[in-house]
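Below is one structure, written out as structure tokens; the observations come after it.
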Amino acid sequence: MSAEITPTIAPIPPQAWTEEILDALGAFPSSLNFVYSKWQENSDDHRGRAILGFLAHYPELAKAFLTLNKHVAIDTLLSTRDKELIILRTTWLRRADNEFAQHIILGKRAGLVSEDIERVTQGPEAPGWQHNDAALVQAVDDIVEKDRVCPSTMAALAESYSNKEIMDMIFLVGNYSVLGSAVNSFDIPLDPGLEAHDPQISEFLNHWRHQRH
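First residue of the sequence shown? That's 1 in the UniProt record's numbering, and the numbers climb one at a time after it.
Listed below in structure tokens is the structure:
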């Protein structure tokens with residue numbers, strides 16, 4: 001959600017995170033450590049605070065969700081580049097602007113380039129995809145539109161990926177879809193300063209803001 005919208009549930013700031021909250025958010029240790037250390041350092045980098053602060057309202061659910069989130073985001077069998085491509089297409093289709101912006105940064109660190117990000121917004125038919133990339137993006141579209149990976153897409157994936165890797169893909173799409181639905185439903189705001197990290201973030205956030213008006 002854009003920063004101008006008032007959240008239905010205001011994220012709990014790190015200074016108010018109790019031991020129970022910290023234990024729950026610790027189900028995804030690297031995520032918690034990044035966000036909490038930036039707060040302790042009084043850093044201007046607020047990435048991740050809004051979503052963890054939102055989840056902090058319900059520690060039991062947060063712990064369960066973040067356990068799966070850690071698997072699909074960290075312990076996955078997929079390459080980091082493939083994982084980021086799937087997350088970007090999922091969050092684009094789900095209009096999860098906070099996560100889409102975060103993963104522009106992470107995707108480029110994983111080897112995606114600006115042209116790849118642009119193609120993510122166009123879909124599997126966009127010119128210039130590598131073979132595997134188009135199949136991955138098509139798989140996301142299949143799941144979002146039809147609640148399954150279609151047989152033709154499954155056959156394309158099976159040329160390069162194991163059944164376990166395809167399972168990781170499907171659960172990755174589901175994980176970020178439900179996060180996007182929750183964040184959008186409660187109008188959770190963007191983390192301040194996100195747009196300063198990459199010019200493409202501003203480009204796509206402005207696209208969404210224009211559509212909302």
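Just so it is clear, CB atoms sit at the ideal spot from N, CA and C, and this is done for glycine as well.
In this text, all values refer to a predicted model and were calculated from it rather than measured experimentally.
If you draw a straight line from the alpha carbon of residue i to that of residue j, how long is it in whole angstroms?
i      : j      : result
Thr6   : Ala158 : 44 Å
Ala3   : Pro189 : Note on Ala3: pLDDT 44, under 50, position unreliable in the model; the coordinate value appears next. Ala3 and Pro189: Cα-Cα distance of roughly 5 Å.
Trp129 : Leu136 : 10 Å
Ala50  : Ser79  : 27 Å
Trp17  : Ala56  : 7 Å
Val178 : Asp97  : 14 Å
Phe65  : Tyr161 : 26 Å
Asp45  : Asp141 : 32 Å
Thr91  : Glu118 : 14 Å
Gly111 : Met167 : 23 Å
Leu155 : Gly123 : In the sequence on display, residue 155 carries Ala and not Leu. Spanning the two alpha carbons is a distance of roughly 19 Å.
Leu22  : Phe34  : 13 Å
Thr76  : Ala101 : 21 Å
Phe54  : Ser30  : 18 Å
Arg81  : Pro127 : 19 Å
Ser202 : Gly193 : 10 Å
Pro11  : Asp187 : 10 Å
Glu20  : Pro59  : 7 Å
Val183 : Val149 : 25 Å
Ile143 : Val120 : 16 Å
Glu41  : Pro151 : 50 Å
Glu165 : Phe171 : 10 Å
Can you find a C-beta in chain C that's less than 8 Å from the C-beta of residue i?
i      : result
Ile170 : Absent from the structure: chain C. Only one protein chain is present.
Any idea if residue i is buried or exposed, counting beta-carbon neighbours within 10 angstroms, 16 or more meaning buried?
i           : result
Leu61       : exposed
residue 222 : This structure cannot speak to residue 222, because the chain is shown only from 1 to 213.
Thr8        : exposed
Glu99       : buried
Pro13       : exposed
Reducing DSSP to helix, strand and coil, say where residue i ends up.
i      : result
Gln15  : helix
Val183 : helix
Asp44  : coil
His57  : coil
Val113 : coil
Glu125 : coil
Ala10  : coil
Val149 : coil
Ser162 : coil
Ala96  : coil
Pro199 : helix
Asp191 : coil
Should residue i be listed as close to the ligand ATP, given that the test is whether its C-beta is under 7 Å from any heavy atom?
i      : result
Glu203 : In the structure shown, the ligand ATP is absent, as is every other ligand, since no ligand is present at all.
Could you check how far apart the C-beta atoms of residue i and residue j are, in whole angstroms? I think they sit under 8 Å.
i      : j      : result
Gly26  : Asp191 : Their Cβ separation, rounded to whole angstroms, is 20 Å, which puts Gly26 and Asp191 out of contact at 8 Å.
His103 : Glu84  : 6 Å
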